[in-house]
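Colleague: Protein chains in written order, with this note's numbering: chain Y, 5 to 230; chain A, 301 to 594. Glycine included, every Cβ here is placed at the ideal spot set by N, Cα and C. Source: prediction; values computed, not measured. Please find one structure pasted underneath; my questions will follow.
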């Protein structure tokens, strides 16, 4: 295996791990909010966050490219005030990948929280525990299968992300060239054996992750047995 | 013992199976007493407990614990459950499945009180289950853990939603004693929902009878349940368990306090208005009941 092959795989891994880590931090409070809030415009937020499930990645990628462009106010502001350029950079595809991975992290956690009996939450409140303590000590430990599903799905999905990375990041070796883009590139240049290796690795990783998810979800949640 | 009064004056519109019902409760409770909420299901008993706990918001009214205002619709005060110093035992127990019995109890305590916990376990016969997860417990055991957890925090107001319903009669009688002990030990004010007349008599200083959201009676159990217009040498209050017809008479089986059973012979006229589950008074006027040491 040549150095470029390894570099591409490492970059893919870096993107997937960073995306998943960021989404755990942002996703938990958002999922909690969506599960319990009675906010009037909640459906609008839910719809926006779920857009990546239905829109082609190229559409989202296109909007990101516009947002990053110095010709529009956001990209202009980024460049002038913060001296940041996001188009065709690793940070650029990371942000896009985080936004794109949102529903995969949030939906399993949100439905896990919703399926918990509300009396667990109320019991914790009546015992004087704050919302934060209740979330981490009572709610999260009782939806472990949903949590693992969310993490594995987000990770698997960001490893396989293609359209949005290609739109926002292009195909720059070591910077934005991830495995899925590399496959496309290798096939274009009729380099089937390398494409084959990439394809097999992506296939194997996704298969293993999904097998883990399904074997975890075979067991019922602990509270359901009560 | 703190000696203050809990003022309750709340109103809430509820949607029940029979349509809209207004829950309207106005009452004063002295701290240190044990009050039973008695009434048919759907009367609003659980909702009233939830309102006191701060889990359900009344439409209007006021709840005041001594000087502390817990709820006041006019002044827009609604203290969250965390700040009310309550212990609520849920009907579905709401034990935390991820924690062992001991962890469930310790979670409730702000400062771990080892000897108090051990004592509680001993009283409620939970010591051997301390390291079990709730999923491995029977219904009765779960109910005892839920009771222990509600008490563990030493709340000022203890709210128990049918605390003994899943227990067999021996355990029930034993736990009634324990609730009484714990109630006196903590000097807390206790409110318990009960369908069981015996329980109300055994435990309560006062009983509030709710029907369709309204307080229909409020007083000590003797006053509320016995008919003072009847003078008799012998009076037992109970609930009709069965009515059987035998030739020209009927045998009415009545369960009374402490789970004893009385069988009474009644004529058709006597039972015309009686049905299973009715509260009744069994009394004797002309004959002296005979007493014998056993």
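In angstroms with no decimal places, state the Cα-to-Cα distance between residue 309/A and residue 132/Y.
Modeller: As a working mapping, residue 309/A is identified with position 9 in the second chain. As a working mapping, residue 132/Y is identified with position 128 in the first chain. Taking the straight line joining both Cα atoms gives about 24 Å.
Colleague: Counting only beta-carbon separations shorter than 7 Å, does residue 153/Y have a partner in chain A?
Modeller: By one-based count along the first chain, residue 153/Y stands at place 149. Output row for residue 153/Y: interface = no.
Colleague: Can you give the Cα-Cα distance for residue 453/A and residue 511/A, rounded to whole angstroms?
Modeller: Numbered from its first residue, the second chain carries residue 453/A at position 153. Numbered from its first residue, the second chain carries residue 511/A at position 211. The straight-line gap from Cα to Cα measures roughly 32 Å.
Colleague: Taking just the CA atoms, how far does residue 438/A sit from residue 222/Y?
Modeller: Stepping through the first chain from its first residue, residue 222/Y is reached at position 218. Stepping through the second chain from its first residue, residue 438/A is reached at position 138. Computed Cα separation, rounded: 24 Å.
Colleague: Closer than 8 Å by beta-carbon distance: list the chain Y residues that pair up with residue 453/A, in chain order.
Modeller: Taking the second chain and counting its residues from 1, one reaches residue 453/A at position 153. In chain order: 131, 132.
Colleague: With a threshold of 16 other CB atoms inside 10 Å of the CB of residue 86/Y, please say whether the residue is buried or exposed.
Modeller: Taking the first residue of the first chain as position 1, residue 86/Y is located at position 82. With fewer than 16 other Cβ atoms within 10 Å, it is exposed.
Colleague: For the candidate residues 484/A, 579/A, 504/A, 405/A, whose alpha-carbon lies nearest to that of residue 541/A?
Modeller: Looking up residue 541/A in the second chain gives position 241. When only C-alpha atoms are compared, the closest one is 579/A.
Colleague: To which residues of the same chain is residue 116/Y closer than 6 Å at the C-beta, ignoring the five residues directly before and after it?
Modeller: Here residue 116/Y corresponds to residue number 112 of the first chain, with the count starting at 1. Only 147, 150 meet the Cβ criterion.
Colleague: Is residue 21/Y buried or exposed, if buried means 16 or more other CB atoms sit within 10 Å of its CB?
Modeller: Along the first chain, read from residue 1 onward, the residue named residue 21/Y stands at position 17. Counting Cβ neighbours within 10 Å, residue 21/Y comes out exposed, since fewer than 16 surround it.
Colleague: For residue 123/Y, decide whether its Cβ has a neighbour in chain A, counting only Cβ atoms nearer than 7 Å.
Modeller: By 1-based counting over the first chain, the position of residue 123/Y is 119. By this cut-off, residue 123/Y is an interface position.
Colleague: Quick one: grab the DSSP three-state call for residue 345/A.
Modeller: Counting from 1 along the second chain, the entry for residue 345/A is found at position 45. Looking at residue 345/A - three-state DSSP - the assignment turns out to be helix.
Colleague: Is it buried or exposed, residue 479/A, if we count other Cβ atoms within 10 angstroms and call 16 or more buried?
Modeller: Numbered from its first residue, the second chain carries residue 479/A at position 179. Classification of residue 479/A: buried, given that the 10 Å Cβ count is 16 or more.
Colleague: Nearest-angstrom Cα distance between residue 88/Y and residue 82/Y?
Modeller: Residue mapping note: residue 88/Y aligns to position 84 of the first chain, counting from 1. Residue mapping note: residue 82/Y aligns to position 78 of the first chain, counting from 1. Rounded to whole angstroms, residue 88/Y to residue 82/Y spans 5 Å at the Cα level.
Colleague: Near residue 317/A, what residues of its chain come up, given a Cβ to Cβ distance below 8 Å and the 5 sequence neighbours on each side ignored?
Modeller: On the second chain, residue 317/A is found 17 positions in, with the first residue counted as 1. Correct list, in chain order: 342.
Colleague: Taking just the CA atoms, how far does residue 198/Y sit from residue 179/Y?
Modeller: In the first chain, the residue the question calls residue 179/Y occupies position 175. In the first chain, the residue the question calls residue 198/Y occupies position 194. Each residue's Cα considered, the two are about 19 Å apart.
Colleague: Less than 7 Å between the C-beta atoms of residue 159/Y and residue 24/Y, yes or no?
Modeller: Walking along the first chain from the start, residue 159/Y turns up at place 155. Walking along the first chain from the start, residue 24/Y turns up at place 20. Yes, Cβ-Cβ distance for residue 159/Y and residue 24/Y is below 7 Å.
Colleague: Listed from N- to C-terminal order along the chain, which residues in the region 401 to 413 of chain A have their beta-carbon within a distance smaller than 8 Å of any beta-carbon of chain Y?
Modeller: Correct list: 407, 408, 410.
Colleague: Go ahead and pull the three-state DSSP assignment for residue 538/A.
Modeller: Locating residue 538/A in the second chain gives position 238, counting from the first residue. DSSP places residue 538/A in strand when its eight states are reduced to three.
Colleague: Answer yes if the region 101 to 112 of chain Y comes into contact with the region 122 to 141 of chain Y, meaning at least three C-beta pairs across the two stretches below 8 Å, and no otherwise.
Modeller: No, because fewer than three Cβ pairs between the region 122 to 141 of chain Y and the region 101 to 112 of chain Y fall closer than 8 Å, the two stretches do not touch.
Colleague: Going along chain A in order, which residues have a C-beta closer than 7 Å to the C-beta of residue 145/Y?
Modeller: By 1-based counting over the first chain, the position of residue 145/Y is 141. The contacting residues are 398.
Colleague: Per the DSSP calculation, residue 492/A is bridged to which residue(s)?
Modeller: Position 192 of the second chain, counted from the first residue, corresponds to residue 492/A. Answer by DSSP bridge pairing, in chain order: 336/A, 460/A.
Colleague: For residue 393/A, which option in 121/Y, 45/Y, 106/Y, 105/Y has the closest C-alpha, if you only look at C-alpha atoms?
Modeller: Looking up residue 393/A in the second chain gives position 93. Of the listed residues, the one whose Cα sits closest to residue 393/A is 121/Y.
Colleague: Just to make sure I have the definition right: I need the residues of chain Y whose C-beta is within less than 8 Å of the C-beta of residue 386/A. Which are they?
Modeller: Along the second chain, read from residue 1 onward, the residue named residue 386/A stands at position 86. The contacting residues are 130.
Colleague: Which two residues bound the contiguous beta strand (DSSP E) that contains residue 582/A?
Modeller: The count along the second chain starts at 1 and reaches residue 582/A at position 282. Taken as a continuous stretch (DSSP letters only), the beta strand (DSSP E) holding residue 582/A covers 579 to 584.
Colleague: Taking 7 Å as the CB-CB limit, is residue 473/A close to chain Y?
Modeller: For the purposes of this step, residue 473/A is identified with residue 173 of the second chain, where counting begins at 1. So no, residue 473/A is outside the interface.
Colleague: Assign residue 561/A to one of two classes, buried (16 or more other C-beta atoms within 10 Å of its C-beta) or exposed (fewer than that).
Modeller: The count along the second chain starts at 1 and reaches residue 561/A at position 261. The residue is exposed, with fewer than 16 neighbouring Cβ atoms inside 10 Å.
Colleague: Per DSSP, residue 260/A forms a beta bridge with which residues?
Modeller: This structure does not reach residue 260/A, given that chain A is present from 301 up to 594, and the question cannot be answered.
Colleague: Can the beta-carbon of residue 462/A be found closer than 7 Å to that of residue 539/A?
Modeller: On the second chain, residue 462/A is found 162 positions in, with the first residue counted as 1. On the second chain, residue 539/A is found 239 positions in, with the first residue counted as 1. No.
Colleague: Looking only at its chain, what residues have a beta carbon closer than 7 Å to the beta carbon of residue 345/A, apart from the 5 residues adjacent to it on each side?
Modeller: The sequence position of residue 345/A within the second chain is 45, counting from 1. The residues are 337, 339, 493, 510.
Colleague: Just verifying my parser: in three-state terms, what is the DSSP assignment at residue 595/A?
Modeller: One cannot answer for residue 595/A here, as it falls past the ends of chain A, which runs 301 to 594.
Colleague: Mind checking residue 575/A: buried by the 16 CB within 10 Å criterion, or exposed?
Modeller: The residue labelled residue 575/A in the question sits at position 275 within the second chain. It is exposed - the Cβ of residue 575/A has fewer than 16 other Cβ atoms within 10 Å.
Colleague: Which residue from 416/A, 400/A, 422/A, 468/A puts its Cα closest to that of residue 436/A?
Modeller: Working through the second chain from its first residue, we reach residue 436/A at position 136. Among 416/A, 400/A, 422/A, 468/A, the Cα nearest to that of residue 436/A is on 400/A.
Colleague: In three-state terms, what does DSSP make of residue 7/Y?
Modeller: Counted from its first residue, the first chain places residue 7/Y at position 3. Residue 7/Y falls in the helix class under three-state DSSP.
Colleague: Are the region 106 to 115 of chain Y and the region 49 to 56 of chain Y touching, with three or more C-beta to C-beta distances below 8 Å?
Modeller: The region 106 to 115 of chain Y vs the region 49 to 56 of chain Y: in contact.
Colleague: Using a Cβ-Cβ distance cut-off of 7 Å, determine whether residue 392/A contacts chain Y.
Modeller: Here residue 392/A is taken as the residue at index 92 of the second chain, counted from 1. At least one chain Y Cβ lies under 7 Å of residue 392/A.
Colleague: Contact criterion: CB-CB distance below 7 Å. Does residue 353/A meet it with respect to chain Y?
Modeller: Along the second chain, one-based indexing puts residue 353/A at 53. Cβ-Cβ to chain Y under 7 Å: yes for residue 353/A.
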